[in-house]
Amino acid sequence: MVSNTRICPGPISRRTWLTLGGLNLGALAGGWHPSLAGLLRASEQQAIDGDFSVILFWANGGPSHIDLFDLKPEAPAEYRGPFQPIDTNVPGIRITELLPRLAAMADKFTLLRSLYHERAEHSGGTHRFLTGYSSRQADLQDAENPELGAVVARELSRLDDPVPIFVANTKLYGSGPGYLGPSCAPFMPSPNPQSSTGNNTYDPVPIYPTPGATNNLSIDDEGLVSLSRRVNLLNDLDVLPRAVDNSHMMSAMDEFQRRSLAMLAGRKVREAFDLSRESEAARQRYGETHWGQSLLTCRRLVEAGVRIVQCQANYRLPAEIGDTSNWDDHAVNADIFRAYQEKLPYLDQSMSALVEDLNLRDLDRQVLFIFCGEFGRTPRIAPLDGNGRPGRDHWPHAMSVFLAGGGLRMGQVIGATNSRAEEPVTRPMDSNCLLATLYQRYGIQTDNAYIDHAGRPLPILPSGEPIAELF
Numbered sequence: 004m005v006s007n008t009r010i011c012p013g014p015i016s017r018r019t020w021l022t023l024g025g026l027n028l029g030a031l032a033g034g035w036h037p038s039l040a041g042l043l044r045a046s047e048q049q050a051i052d053g054d055f056s057v058i059l060f061w062a063n064g065g066p067s068h069i070d071l072f073d074l075k076p077e078a079p080a081e082y083r084g085p086f087q088p089i090d091t092n093v094p095g096i097r098i099t100e101l102l103p104r105l106a107a108m109a110d111k112f113t114l115l116r117s118l119y120h121e122r123a124e125h126s127g128g129t130h131r132f133l134t135g136y137s138s139r140q141a142d143l144q145d146a147e148n149p150e151l152g153a154v155v156a157r158e159l160s161r162l163d164d165p166v167p168i169f170v171a172n173t174k175l176y177g178s179g180p181g182y183l184g185p186s187c188a189p190f191m192p193s194p195n196p197q198s199s200t201g202n203n204t205y206d207p208v209p210i211y212p213t214p215g216a217t218n219n220l221s222i223d224d225e226g227l228v229s230l231s232r233r234v235n236l237l238n239d240l241d242v243l244p245r246a247v248d249n250s251h252m253m254s255a256m257d258e259f260q261r262r263s264l265a266m267l268a269g270r271k272v273r274e275a276f277d278l279s280r281e282s283e284a285a286r287q288r289y290g291e292t293h294w295g296q297s298l299l300t301c302r303r304l305v306e307a308g309v310r311i312v313q314c315q316a317n318y319r320l321p322a323e324i325g326d327t328s329n330w331d332d333h334a335v336n337a338d339i340f341r342a343y344q345e346k347l348p349y350l351d352q353s354m355s356a357l358v359e360d361l362n363l364r365d366l367d368r369q370v371l372f373i374f375c376g377e378f379g380r381t382p383r384i385a386p387l388d389g390n391g392r393p394g395r396d397h398w399p400h401a402m403s404v405f406l407a408g409g410g411l412r413m414g415q416v417i418g419a420t421n422s423r424a425e426e427p428v429t430r431p432m433d434s435n436c437l438l439a440t441l442y443q444r445y446g447i448q449t450d451n452a453y454i455d456h457a458g459r460p461l462p463i464l465p466s467g468e469p470i471a472e473l474f
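Have a look at this one:
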């Protein structure tokens, strides 16, 4: 609940009412009718949140915690897998031998080894992890509740923003703005609709412009004039009936048309997507790969002022290893261990380059890099297909999350699982605790309520406490 305030600021214009605290027409279009106290508190919070941003490198499908960051070399053979843990530059922290570059900079990252939730299907797990709510529907393409990026876009958006708050390469399966509406959806340069379905074989979707591809980073002169005319209508909002303020049409006009014009007519965002502005040495450090170019673009976007960048970490495997492009490592999709041997060296190069850059460029205090998926994989190896190749199934009971930067305490491991990586035994944390940490870092009050499609007030986050060890 929002507390009462003793501040009496005097009369304010209707336009000021809409913009105060970073709100816009999209806020009212979602059905929320805030109090002045809430608006003032939001404004104060945003004044202290600095320029905190998140890069979420989303391993959709669910990466195997027991093969990456929580190896159990003493477990029975049917659990431990073939990879060995190696020491890092922080005593006591060990990760897979396939990530040697990251192992050399463990003082610059933290591992959460004891997160869990209850949803074992991809879209339901994604929805649960990114919204904090368990969905009613099992195989949902679109979120019932607003995902993290949508809430950040809603809470931190300002009418004079020259850049989008929320950028993604494509929509995640089970994600979306929910009842906040399309004004809080991410800006996506060239999305693939298949990414929001159960399809797991589509090619990786670039967040960077590719030669000859149709993308949302260009517009012809006629389109620019059209957008300008529509944006100019915003100047007349004060004389329109209040009923118009509650329409999704005006919400979309406020966000899409105004921001599209600002981005496409200006240079800041267009230059952020332009990797030719990076040195050859920088591009080589990240790697001339999809992951390397993606993470380099993500870094450029947060430097340009984007507050959350969400990028799928997909990889096209050779046909002899598997036919999937995500981290859904069932035996019927791929040989999980050959797949990791194939792709982890590229992941190691691109992620280590980003972590290094965050520190070299003094971004580590304000930019948090996260690598994770919707859940972990079954600790017990499951050869399910006819040729007996190994795989692991869905496992939301334990997962590992990689964090770097964000002004948080690095160089540590928080939580532990049992001897077979089946469940947390030390510091068990609902995955909402990570969301609570991120919202606190953004300066967003999780007890703020939005009105859903049924007219019910729902808090941004129903439960979860910030992870104290990170502060």
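Taken in order, the sequence shown gives residues 4 to 474; the numbers are from the working numbering. Where a beta carbon is used, it is the ideal one built from N, C-alpha and C, also for glycine.
Own chain residues within Cβ distance below 6 Å of residue i, not counting five before or after
i	result
W35	Caution applies to W35, whose pLDDT of 39 falls short of 50 and renders its modelled position unreliable; the model cannot decide the point.
S126	D142, L143, Y176, G177
Q443	P469
G84	D70
F60	C314, A316, F374
Y318	K346
T381	R395, D396, W398
L361	D367, V370, G408
T292	Y349
V228	Per-residue confidence for V228 stands at a pLDDT of 45, beneath the threshold of 50, marking its modelled position as unreliable; no derived number is given.
Counted within 10 angstroms of its Cβ, other Cβ atoms place residue i as buried (16 or more) or exposed
i	result
D142	exposed
Q87	exposed
P244	With a pLDDT of 44 at P244, under the threshold of 50, the modelled position of this residue cannot be trusted; read the value that follows with caution. Exposed, by the Cβ-count rule.
P66	buried
D367	buried
A316	buried
V428	exposed
E150	buried
P399	buried
T99	buried
G179	buried
S403	buried
P212	buried
K174	buried
K499	Because the chain is modelled from 4 through 474, residue 499 falls outside the range shown and cannot be assessed.
N451	buried
R302	buried
A457	exposed
G184	buried
Nonlocal neighbours in the same chain, by C-beta distance under 7 Å from residue i, ignoring five residues either side
i	result
E274	R280
S355	R104, L105, M108
E468	C436, A439
S56	V305, V309, R310, I311, Q369, V370
E81	R383, I384
G135	N435, L438, L464, P465, G467
L2	Summary: the structure shown does not reach residue 2, with the chain confined to residues 4 through 474, and so no result is reported for it.
Short CB-CB distance (under 8 Å) between residue i and chain C
i	result
E306	Among the protein chains of the structure shown there is no chain C, as only one such chain exists.
Whole-number beta carbon distance between residue j and residue i, since they are thought to touch under 8 Å
i	j	result
A62	G376	4 Å
Q352	G295	7 Å
D110	M432	D110 to M432, Cβ: 23 Å. No contact.
L115	G418	6 Å
Opposing strand residues paired with residue i [DSSP bridges]
i	result
S178	D145
M402	L118
I373	L59, L406
Q313	L59, A171
A337	G325
Y453	L461
M191	BP columns for M191 are empty, so no partner.
D433	Y119
Neighbourhood of residue i by C-beta, 8 Å cutoff - its chain only, sequence neighbours within 5 removed
i	result
D223	Its pLDDT being 45, under 50, D223 is placed unreliably in this model, and the coordinates cannot settle the point.
A337	L320, I324, G325, D326, T327, R392, G394
E124	A141, D142, H397
> Can you give, in chain order, each stretch of the alpha helix (DSSP H) that sits fully within the segment 266-302 and has at least 4 residues?
Replying inline: 271-275, 283-289
>> Could you tell me which whole beta strand (DSSP E) segments of length 3 or greater appear in the segment 61-123?
In response: 88-90, 97-99, 113-119
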